Structure formats: structure tokens, C-alpha cells
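Residue numbers (the working numbering): 1 to 264. These notes are about the structure you will find just below.
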Amino acid sequence: MAITINTLREYKQKGQAFAALTSYDATFAHVVSEAGVDVILIGDSLGMVLQGHDSTLPVTMEEICYHVQSVAKGNRGALIMADMPFMSYGTTEAALANAAELMRSGAHMVKLEGTDWMVETITALSERGVPVCAHLGLTPQFVNKFGGYKVQGRGDKQAELMIEHACQLEAAGADVILLECVPAPLAARITQAVKAPVIGIGAGADTDGQVLVLHDMLGVTMGRTPRFVKNFLAENDSIQAAVAAYVDEVRQRTFPGEEHTFKA
Ligand code: KIV
Numbered sequence: 001m002a003i004t005i006n007t008l009r010e011y012k013q014k015g016q017a018f019a020a021l022t023s024y025d026a027t028f029a030h031v032v033s034e035a036g037v038d039v040i041l042i043g044d045s046l047g048m049v050l051q052g053h054d055s056t057l058p059v060t061m062e063e064i065c066y067h068v069q070s071v072a073k074g075n076r077g078a079l080i081m082a083d084m085p086f087m088s089y090g091t092t093e094a095a096l097a098n099a100a101e102l103m104r105s106g107a108h109m110v111k112l113e114g115t116d117w118m119v120e121t122i123t124a125l126s127e128r129g130v131p132v133c134a135h136l137g138l139t140p141q142f143v144n145k146f147g148g149y150k151v152q153g154r155g156d157k158q159a160e161l162m163i164e165h166a167c168q169l170e171a172a173g174a175d176v177i178l179l180e181c182v183p184a185p186l187a188a189r190i191t192q193a194v195k196a197p198v199i200g201i202g203a204g205a206d207t208d209g210q211v212l213v214l215h216d217m218l219g220v221t222m223g224r225t226p227r228f229v230k231n232f233l234a235e236n237d238s239i240q241a242a243v244a245a246y247v248d249e250v251r252q253r254t255f256p257g258e259e260h261t262f263k264a
């Protein structure tokens, strides 16, 4: 049965954790969806893991559309979420045109990085039938503003602001919230504060779902492995088994463990 936004909402209501994973091509989309991954993210992380850039900024709309089309061919029922690349949603007009391209390519939902400045854009997308995931916390397209890849939401003021932003973006029409590299207690508070399903990466075990970059969880990385990553291939003898183990550990809430989690 195909996973839809309603499935994710039901999971949240039932307290059933769900697994998301990036994929960028048809074969891996087939493997991960057959293994029970609920959401496939065509992340702009492809700029780093496929193209070898040192950030996600160079990724273009054309490239994301190409990978969405490939994933859509191999997918067996997962919800396909596509990243909107850097500056492709810099204005609401640009966001509408570019989100339409992604949906025509086979996406079921688009993901945007940002805070309250996205209210108008998310409202416009949502009103026109485009499901939206709002990405908060460590938003990699802002690496130059953050001065590096740093945990976000530390300290009371920053934490309260992130909760406020999550509520504002949900009220604007965001269907899913994604939290990257935020302290686990803050992620838990945001998950409680919004009705929308919350997906975490480096955000502790209490979000509704988890996401990882496929290459990271297979231990195929060129640089330093972030704290929140676990190599599932190390304990399994095939990629299929590694992905199935990830899905199982997410559902059992045994991944992420304390060692993958940031404190307040
Ligand atoms: O681009 C990506 O893969 C992402 C995940 C890290 C959440 O945004």
C-alpha cells in the first residue's frame, strides 16, 4: 500500500515511529522501499555524496528533477519527498514554479529549509496542492550564515524560538516538520507541540520518524562521520539487510541511541 501524508499522520497518532532515508536513483529507491522505508528523500545532500561538493549549495533544480524521476521509477510505495535546492524558493513565485517542476517529476512532497520568513511561501504552496515539509534546526543551505555545521536550538531563547517557528510553519500549512541537529529534549517538545509528523536527524529518539543519508548509514563516506550516524552495514551482510535493520531499529526506537544524540 502506498504511503501518503495520511499514513504518516496515523503513525503519529498511534505513536508508531517511521523510517525515512535518502535515495537518488531507481535501484536504491527500489531497495529501500522494498525494505519498508516509508519516506524517500531526494535530498540536496546529493551535492555532497554524489557530486563531491563541500556543501549542498551548488545543486540545481535540473539535477534534483533528474534524480526524482529516477527514484520515482524504482520506488515501491514510499512517499517521495524532494528537496528544493538553494534559492529555488527565494521568492514565492519561484517556489511555486519550481515546486510544480518537482511534483511533475514524481515528488509527493517538497522540502524547504528556513524559519518564519517561509510562512507566505508555504501558505501559497499548500493552498495550491503542494504538500510541504519544513526543515528547521541545522539547515545546511545556511551553512555560510551559521559559520559551519553546528547544533542549533541550544539555550532557552533559541529553543523557544524554534518551537515558535515550528508552530508558525505548521499553521501556514506545513504537513511535516524535519529537525536536524537539535538537542533531543527540544525535538521532543516540538514533536509534542505540533500535530504534523516530525522527522528527526540528530534530534534524538522522541521524534515521530527518523531520517539518515543512505551513504552515511552504509558507512560509505569521504569525510568525518557525524555523531548522529550509525553504520548499519557494519553489522549486516548486505545492503538490503542493513536497510531492513535500520527500519526495524527506528520502529523499535532503539535507533538513535544516546550516543547519536545531542544534549541541551
Ligand atoms: O539533503 C538531505 O539529505 C537532507 C537530510 C540530511 C535531512 O536534508
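Cβ coordinates follow ideal geometry from the N, Cα and C atoms, glycine included. In this text the structure is predicted, and so the values were computed from the model without any measurement.
Residue i versus residue j: straight-line alpha-carbon distance, rounded
{"i": "Leu218", "j": "Ile239", "result": "7 Å"}
{"i": "Gly148", "j": "Ser55", "result": "10 Å"}
{"i": "Gly114", "j": "Val247", "result": "28 Å"}
{"i": "Asn144", "j": "Lys150", "result": "11 Å"}
{"i": "Ile5", "j": "Asp175", "result": "7 Å"}
{"i": "Thr121", "j": "Met61", "result": "17 Å"}
{"i": "Cys65", "j": "Val39", "result": "17 Å"}
{"i": "Ala172", "j": "Val194", "result": "12 Å"}
{"i": "Ile201", "j": "Leu179", "result": "6 Å"}
{"i": "Ala100", "j": "Met118", "result": "17 Å"}
{"i": "Ala205", "j": "Glu127", "result": "32 Å"}
{"i": "Gly257", "j": "Arg227", "result": "11 Å"}
{"i": "Asn236", "j": "Ala245", "result": "8 Å"}
{"i": "Val132", "j": "Asn75", "result": "20 Å"}
{"i": "Ala124", "j": "Ala264", "result": "34 Å"}
{"i": "Lys111", "j": "Leu50", "result": "19 Å"}
{"i": "Phe146", "j": "Pro140", "result": "9 Å"}
{"i": "Ala241", "j": "Arg253", "result": "18 Å"}
{"i": "Lys14", "j": "Asp208", "result": "10 Å"}
{"i": "Asn231", "j": "Thr221", "result": "10 Å"}
{"i": "Leu8", "j": "Pro197", "result": "6 Å"}
{"i": "His67", "j": "His135", "result": "20 Å"}
{"i": "Ala95", "j": "Asp156", "result": "32 Å"}
{"i": "Thr91", "j": "Val37", "result": "33 Å"}
{"i": "Leu79", "j": "Thr22", "result": "11 Å"}
{"i": "His165", "j": "Asp116", "result": "6 Å"}
{"i": "Asp216", "j": "Glu249", "result": "16 Å"}
{"i": "Tyr24", "j": "His53", "result": "16 Å"}
{"i": "Thr27", "j": "Gln69", "result": "12 Å"}
{"i": "Gly129", "j": "Val229", "result": "34 Å"}
{"i": "Thr191", "j": "Leu161", "result": "15 Å"}
Coarse secondary structure for residue i, derived from DSSP in three states
{"i": "Asp38", "result": "coil"}
{"i": "Ala159", "result": "helix"}
{"i": "Phe18", "result": "strand"}
{"i": "Ala48", "result": "Residue identity check: residue 48 is Met in the sequence provided, not Ala. If DSSP states are grouped into helix, strand and coil, Met48 belongs with the helices."}
{"i": "Cys167", "result": "helix"}
{"i": "Gly74", "result": "helix"}
{"i": "Ile201", "result": "strand"}
{"i": "Phe140", "result": "Sequence check: residue 140 is Pro here, not Phe. In this structure, Pro140 counts as helix in the three-state DSSP scheme."}
{"i": "Tyr89", "result": "coil"}
{"i": "Lys12", "result": "helix"}
{"i": "Lys145", "result": "helix"}
{"i": "Thr4", "result": "coil"}
{"i": "Leu57", "result": "coil"}
{"i": "Met217", "result": "helix"}
{"i": "Phe28", "result": "helix"}
{"i": "Ser238", "result": "coil"}
{"i": "Thr191", "result": "helix"}
{"i": "Ala196", "result": "coil"}
{"i": "Ala172", "result": "helix"}
{"i": "Pro185", "result": "helix"}
Strand pairing of residue i, partner residues [DSSP]
{"i": "Leu212", "result": "Leu21"}
{"i": "Ala82", "result": "Ile42 and Val110"}
{"i": "Val247", "result": "For Val247, which the question treats as bridged, DSSP gives no partner whatsoever."}
{"i": "His135", "result": "Glu113 and Leu178"}
{"i": "Val68", "result": "For Val68, which the question treats as bridged, DSSP gives no partner whatsoever."}
Rounded Cβ spacing between residue i and residue j (contact assumed at less than 8 Å)
{"i": "Pro183", "j": "Gly153", "result": "6 Å"}
{"i": "Ala72", "j": "Gly106", "result": "3 Å"}
{"i": "Leu138", "j": "Ala159", "result": "Between Ala159 and Leu138 the Cβ distance is about 14 Å, and since that is not below 8 Å, they are no contact."}
{"i": "Ala2", "j": "Ile199", "result": "No, Ala2 and Ile199 are not in contact; Cβ-Cβ is about 18 Å, not under 8 Å."}
{"i": "Ser45", "j": "Val213", "result": "5 Å"}
{"i": "Arg251", "j": "Ala17", "result": "5 Å"}
{"i": "Ile163", "j": "Glu170", "result": "With a Cβ gap of about 11 Å, Ile163 and Glu170 do not count as contacting."}
{"i": "Phe86", "j": "Leu41", "result": "Between Leu41 and Phe86 the Cβ distance is about 16 Å, and since that is not below 8 Å, they are no contact."}
{"i": "Phe262", "j": "Cys181", "result": "7 Å"}
Subject >> Every unbroken beta strand (DSSP E) within the stretch 99-124, with a cutoff of 3 residues, ordered by chain >> reply: The stretch 99-124 contains these whole beta strand (DSSP E) runs: 109-113.
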